[in-house]
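Chemist: Next up is a structure, given as structure tokens.
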Amino acid sequence: MRVLLTGAAGFIGSAVARQLGVEGHEVVPLDVVLPQAHRVDPDVPGLHRLDVRDAESWADLLDGVDAVCHQAALVGAGVTVADLPSYAAHNDLGTAALLAAMADRGVTRLVLASSMVVYGEGRYACPEHGVVAPPPRALAALDAGDFENHCPTCGRPLGWEAVDESARLDPRSSYAASKVAQEHYAAAWARQAGGSVVALRYHNVYGPGMPRDTPYSGVAAIFRSSLERGEPPRVFEDGGQARDFVHVEDVARANLAALGAVTDSEGFAAYNVASGSPVTILEVARLVARGTGADVEPVVTGEYRSGDVRHVVASPARAQQGLGFRALIGPEEGLPAFATDPLRP
45 MRVLLTGAAG FIGSAVARQL GVEGHEVVPL DVVLPQAHRV DPDVPGLHRL DVRDAESWAD
105 LLDGVDAVCH QAALVGAGVT VADLPSYAAH NDLGTAALLA AMADRGVTRL VLASSMVVYG
165 EGRYACPEHG VVAPPPRALA ALDAGDFENH CPTCGRPLGW EAVDESARLD PRSSYAASKV
225 AQEHYAAAWA RQAGGSVVAL RYHNVYGPGM PRDTPYSGVA AIFRSSLERG EPPRVFEDGG
285 QARDFVHVED VARANLAALG AVTDSEGFAA YNVASGSPVT ILEVARLVAR GTGADVEPVV
345 TGEYRSGDVR HVVASPARAQ QGLGFRALIG PEEGLPAFAT DPLRP
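Each number in the numbering used here corresponds to the 1-based position in the sequence shown with 44 added.
As structure tokens, then:
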């Protein structure tokens with residue numbers, strides 16, 4: 045299979061390229077190199093450094109391509125409101141331009157890198173009222189140290205449950221809004237162009253090659269950078285936020301499975317890509333610290349970000365059934381190893 049891989053020089057794209065090469069697929073690598081992710085020029089053989097937002101400049105690369113694996117995106121929760129135009133430009137306009145070029149060149153198979161942030165908050169249940177959808181957490185409650193979601197009927201703290209792909213999409217940050225838009229553009233393209241899409245909703249991805257010491261990187265890399273400076277990781281809220289952390293090599297394997305599935309499917313299908321072994325953010329900090337061999341206890345700060353959600357943990361069941369994908373590297377193994385994995389400058 046000949047695959048156009050956008051974001052090929054990025055953290056996840058590099059892992060996907062390696063996996064495709066191992067399996068004998070031909071990769072056409074394309075990237076728009078952003079300073080938030082690349083502080084030095086990437087060394088990728090045959091890399092086409094073009095602007096994904098300007099499809100006319102690179103559409104010829106689609107000739108002879110069997111499928112597109114679209115990893116190029118600006119990631120992170122959004123540091124300031126000023127980041128909104130960048131998310132809209134790189135994630136949404138970039139995806140729309142890609143889809144238009146694919147339709148023009150008759151390429152009908154797409155694997156899209158999406159994210160669990162499209163769900164906003166995860167799935168919650170009240171002991172009395174069953175499954176409920178909590179509103180955004182009130183700033184006054186967060187200021188008072190009350191970080192849990194509460195039942196809108198009785199006020200009890202809610203317990204979390206694994207969220208599946210049928211959950212409503214409810215983005216709570218600028219990045220999340222851009223990922224929902226990407227999925228909607230891809231679904232519309234599939235209907236209008238007769239294409240097939242597999243969207244992979246990544247949970248918190250970590251592993252070798254993550255960008256070093258930047259707020260646009262993942263929380264595991266931020267904890268790691270603190271430890272390298274000789275500082276304990278700083279954990280927001282009370283550290284009890286439940287998440288799923290999935291290793292980049294498992295994400296690459298999920299992309300390979302999706303490229304196999306998209307050849308036989310029609311329309312739009314979304315799959316959670318998760319380890320299936322949820323952890324709290326405080327546990328993540330402790331596991332990364334353990335890998336350094338130092339006796340370091342994270343600092344729980346009580347700080348919060350208004351765009352953050354409390355708990356979101358995915359169910360991996362549909363990916364196992366539809367793609368035959370199951371993660372092989374759990375957080376107990378992968379996060380301590382990440383403490384000494386090489387990072388991107």
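Even for Gly, the Cβ is constructed at its ideal location relative to N, Cα and C.
With H, G and I counted as helix, E and B as strand and the rest as coil, what does DSSP make of Gly351?
Modeler: coil
Chemist: Leaving out five residues on either side along the sequence, give the residues of the same chain with a beta carbon under 6 Å from the beta carbon of Phe312.
Modeler: Ala231, Ala234 and Val241
Chemist: Within its chain, find whatever has a CB closer than 8 Å to the CB of Pro179; leave out the 5 residues flanking it on each side and keep chain order.
Modeler: Pro196
Chemist: Which runs of the beta strand (DSSP E) spanning at least 3 residues fall entirely within the stretch 86 to 158, listed in chain order?
Modeler: 111 to 114
Chemist: When the Cα of Phe267 is compared with those of Ala333, Ala132 and Ile373, which residue comes out closest?
Modeler: Ala333
Chemist: Just curious, the alpha helix (DSSP H) that Ser210 is in, first and last residue?
Modeler: Premise fails: Ser210 is in no alpha helix (DSSP H) and is neither H nor E.
Chemist: Would you call the stretch 139 to 155 and the stretch 109 to 116 touching, i.e. three or more CB-CB distances under 8 Å?
Modeler: yes
Chemist: Could you pull the DSSP bridge partners for Val242 from this structure?
Modeler: Val155 and Ala313
Chemist: Can you say whether Ser159 is buried or exposed, counting buried as having 16 or more other CB atoms within 10 angstroms of its CB?
Modeler: buried
Chemist: According to DSSP, is Arg287 part of a helix, a strand, or is it coil?
Modeler: strand
Chemist: For the alpha helix (DSSP H) containing Gly57, list its first residue and its last residue.
Modeler: Phe55 to Val66 is the span of the alpha helix (DSSP H), which, as asked, contains Gly57.
Chemist: Distance check for Pro255 and Leu387, CA to CA, integer angstroms please.
Modeler: 6 Å
Chemist: Go through its chain and collect everything with a Cβ distance to Arg297's Cβ below 7 Å, but skip five positions before and after it.
Modeler: Gln63 and Phe369
Chemist: Sorted by chain position, which residues of the same chain lie with C-beta nearer than 6 Å to His291's C-beta, five sequence neighbours on each side aside?
Modeler: Gly251, Ile373 and Gly378
Chemist: Once the 5 residues before and after Val176 are set aside, which same chain residues still bring their CB inside 8 Å of it?
Modeler: Tyr168, Ala169, Cys170, Cys195, Pro196, Thr197 and Leu202
Chemist: Between which residues of its own chain and Pro380 is the CB-CB distance below 8 Å, once the five residues before and five after are set aside?
Modeler: Leu331, Val332, Arg334 and Gly335
Chemist: Between the alpha carbons of Ser359 and Ala243, how many angstroms are there, rounded?
Modeler: 15 Å
Chemist: In angstroms with no decimal places, state the Cα-to-Cα distance between Pro32 and Asn299.
Modeler: This structure does not reach residue 32, given that the chain is present from 45 up to 389, and the question cannot be answered.
Chemist: Taking Glu310 as the reference, which of Gly238, Asp208 and His228 has the closest Cα?
Modeler: Gly238
Chemist: Under the assumption that Tyr229 contacts Ala103 (Cβ atoms under 8 Å), give the Cβ distance between them as a whole number of angstroms.
Modeler: Incorrect: roughly 17 Å between the Cβ atoms, too far for contact.
Chemist: Using three-state DSSP, classify Ala169 as helix, strand or coil.
Modeler: strand
Chemist: Grouping DSSP H, G and I as helix and E and B as strand, with all else coil, what is Pro375?
Modeler: Helix, per DSSP.
Chemist: Short of 6 Å in beta carbon distance, which residues of its chain neighbour Glu281, apart from the five on each side in sequence? Order them along the chain.
Modeler: Non-local C-beta neighbours of Glu281 in its own chain, meaning closer than 6 Å and more than five positions away in sequence, comprise Phe191 and Tyr348, ordered along the chain.
Chemist: Starting from Tyr219 and walking both ways along the alpha helix (DSSP H), at which residues does that stretch end?
Modeler: Ser218 to Ala237
Chemist: Give the C-beta separation of Glu165 and Ala314 to the nearest angstrom, bearing in mind that I take them to be a contact with Cβ-Cβ under 8 Å.
Modeler: Actually they are not in contact, since the Cβ atoms of Glu165 and Ala314 sit about 18 Å apart, beyond 8 Å.
Chemist: Taking C-alpha atoms, which residue in Glu272, Glu227 and Asn248 lies nearest to Ala338?
Modeler: Glu272
Chemist: Would you verify that the beta carbon of Ile325 is, or is not, closer than 8 Å to some beta carbon of chain D?
Modeler: This model lacks chain D altogether; it includes just one protein chain.
Chemist: What separation, rounded to the nearest whole angstrom, lies between the Cα atoms of Gly120 and Tyr246?
Modeler: 13 Å
Chemist: Cβ atoms of Arg46 and Asn193: under 8 Å apart, would you say?
Modeler: no
Chemist: Sort out for me which residues DSSP pairs Asp75 with in a bridge.
Modeler: Arg93
Chemist: Round the Cβ separation of Ser222 and Asp136 to the nearest angstrom and send it over; I've been treating them as touching at under 8 Å.
Modeler: 5 Å
Chemist: With respect to the beta strand (DSSP E) encompassing Leu303, which residues constitute its N-terminal and C-terminal limits?
Modeler: Unbroken run through Leu303 is the alpha helix (DSSP H), Val292 to Val306; no beta strand (DSSP E).
Chemist: Can you name the residues that DSSP bridges to Tyr250?
Modeler: His291
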